[in-house]
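Every letter in the sequence shown is one number past the one before it in UniProt numbering, and letter 397, counting from 1, is 397.
Ideal Cβ positions, reconstructed from N, Cα and C, are used throughout, including at glycine.
The structure under discussion appears below in the form of structure tokens.
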Amino acid sequence: MKFLPRAFSRLEKVILLVSSLVIIGLIIIIGINRWISSTEALPENGGVFREGVVGDSSNLDSQIARLVNGGLTKYDSNKNIIGDMAKSWDINEGGKVYVFHLNSQFNSEDFANQITSEGIWKDIEVSTPDLATITFTFKQPFSPFLYTSTEPIFPYGPYKITKESKSEVELSARDDYYAGQPYIDKIIFRFYPDQDALLKAAKRGEIDGFATTVDAETISSFQKFEMKLPRQLTIFFNLSNKDLQDVNVRKALKENSNPGKALELRLVTSSNQKNVDVAKSIADKWGKNGVKVNLDIKDNVTLQKTVIPKRDYDVLLYGLDYGEDPDPYPFWHSSQISPPAGGDGKNLSNFKNVQADKLLESARQEFDFKKRENEYAQFQQILNQEIPAFVVEQDTLYYQVSKDVKGIEKIIGSLESDRFLDVSKWYINTKRVKK
């Protein structure tokens with residue numbers, strides 16, 4: 001009878017149960033580790049990326065240009081120009097003729113029709129030798145055009161707009177995107193009244209990314225990227241104003257010293273918070289030197305469509321986008337004054353200088369970079385002497401993205417929307433496959 005089995009005590013049962021659970025747990029952990037070591041995580045289609053934007057949909061066009069559009073060319077991660085809609089190109093006749101060979105998905109006649117009907121690139125002859133080739137012919141050599149060809153103007157980007165409301169805009173991935181369907185299914189832009197509201201939304205997990213030109217607080221669950229923009233926040237003096245035609249007055253305003261005469265100036269800028277803050281600071285400094293400044297804040301649409309075309313300001317605080325190519329012709333040549341010359345010229349100071357015009361005309365025909373650089377240096381000396389404008393600061397784009405979003409190594413480019421240059425490589429979802 002002494003060899004008959006006995007019942008386990010309560011303590012022994014507990015010990016046995018715990019031991020069994022530990023052994024099972026160890027087996028599971030070992031199995032998971034072996035599975036992880038023998039597999040790798042790869043991007044998988046799906047997921048939604050939500051980006052916050054200060055303002056409303058009127059501020060969005062420039063932000064999403066790279067998402068819904070593409071260029072003939074684009075920049076790689078080292079800022080070299082590579083093919084986008086075009087797979088290759090040739091530059092002929094000393095820079096007068098540019099020939100782009102398109103990817104097989106595109107029709108050159110569609111590109112040509114858009115360029116001519118929308119007046120995208122002016123003073124240029126566009127032809128289509130065949131459906132896979134588009135040719136641009138200039139009257140004179142035009143060295144900046146390869147950089148111009150990176151502009152995202154053709155409606156064949158990785159995403160398309162599918163929903164719009166006052167509070168947000170939704171984009172969906174194109175399954176027919178020539179470079180392959182992006183991993184992330186949807187990108188949603190949500191609008192906020194100011195940067196404080198934007199940051200609070202990020203902390204609450206309402207958005208997965210946001211971009212600012214002010215170095216805002218870093219969100220702990222976000223990764224942060226920086227991109228130097230070739231955009232200079234600049235004060236432009238309207239030289240049509242008689243009070244501003246004296247270079248000594250302009251020099252005094254630039255140096256925040258007394259201009260020596262009574263002045264009342266209307267300073268116009270956009271409703272962008274950074275611009276408003278800088279404009280207030282400038283108005284305060286000039287005010288201390290006896291200049292009465294009437295600060296006039298305009299929304300972007302009014303500024304772009306009404307104020308700037310009419311040159312309706314005495315002084316304008318505005319971000320000047322030079323792009324990757326340093327060609328200042330569109331911003332300073334006298335042919336770009338509007339009005340009275342008409343058109344959409346970007347000479348915001350109504351600046352006229354014969355020698356400056358000659359240098360700008362010569363530089364954009366020069367393919368020797370050192371010679372071109374020398375002509376730009378001479379032009380800059382003229383600007384420094386005449387002071388039709390002065391640079392306040394150069395912009396930096398600060399981009400914060402949730403750490404749940406993978407595939408972003410760095411952001412490069414010359415436009416704010418260039419942060420999305422490699423968006424088709426971003427991903428949120430993953431799957432594990434055997435190595």
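- Residue pairing from DSSP places Phe154 in a beta bridge opposite Gly70.
- In this structure, the CA atom of Val391 is about 30 Å from the CA atom of Pro141.
- For the set Thr148, Lys285, Ser240, Gln181, the Cα lying nearest the Cα of Ile337 is the one of Ser240.
- DSSP places Val14 within a helical segment (H, G or I) once states are collapsed to three.
- In this chain, the beta strand (DSSP E) harbouring Phe210 covers 209-212.
- For the pair Lys186 and Val68, the CB atoms are not nearer than the 8 Å cut-off.
- Counting only unbroken stretches of 3 or more residues, the beta strand (DSSP E) elements lying wholly within the region 96-154 are 97-102, 125-130, 133-137, in sequence order.
- Taking every protein chain shown into account, the CB of Lys224 has fewer than 16 other CB atoms within 10 angstroms, so this residue is exposed.
- Just measuring C-alpha positions, the residue of Glu416, Ser143, Tyr156 sitting nearest Lys371 is Ser143.
- Nearest Cα to Ser62 within the set Asp418, Lys435, Leu295: Asp418.
- Annotated three-state conformation of Gly94 is helix, per DSSP.
- Only residues of its own chain outside the window of five on either side were considered, and among them Thr137 have a CB closer than 6 Å to the CB of Val97, listed in chain order.
- Burial of Glu324 is indicated by the presence of at least 16 other C-beta atoms within 10 angstroms of its C-beta.
- Shown here, Gln378 sits in a helix according to DSSP, grouped into three states.
- Cβ contact annotation for Ala65 (same chain, cutoff 6 Å, sequence separation greater than five): Pro152, Ser417, in chain order.
- Secondary structure note for Phe331: its alpha helix (DSSP H) is the uninterrupted segment 329-332.
- Counting the other CB atoms within 10 Å of its CB gives Thr150 a total of 16 or more, which places it among the buried residues.
- When DSSP states are grouped into helix, strand and coil, Arg372 belongs to the helix group.
- Annotation: Arg204 is outside any beta strand (DSSP E) and is labelled neither H nor E by DSSP.
- In the displayed model, Gly46 falls within coil according to three-state DSSP, outside both helix and strand.
- Judged by DSSP in its simplified three-state form, Leu60 adopts coil rather than helix or strand.
- A distance below 6 Å between beta-carbons, with the five flanking residues on each side excluded, links Thr218 to the following residues of its chain, in chain order: Lys224.
- Rounded to whole angstroms, the gap between the alpha carbons of Pro193 and Asp110 is 39 Å.
- A contact between stretches requires three or more CB pairs, one per stretch, nearer than 8 Å, and the region 371-387 fails this requirement with the region 290-302.
- Here the C-alpha atom of Thr133 lies approximately 28 Å from the C-alpha atom of Tyr329.
- In the three-state reduction of the DSSP assignment, Trp286 falls in the helix class, which pools H, G and I.
- Asp208 places its beta carbon less than 8 Å from that of Glu51.
- Here Arg250 carries a helix assignment [DSSP, helix/strand/coil].
- Per DSSP, the continuous alpha helix (DSSP H) segment holding Glu361 begins and ends at 354-363.
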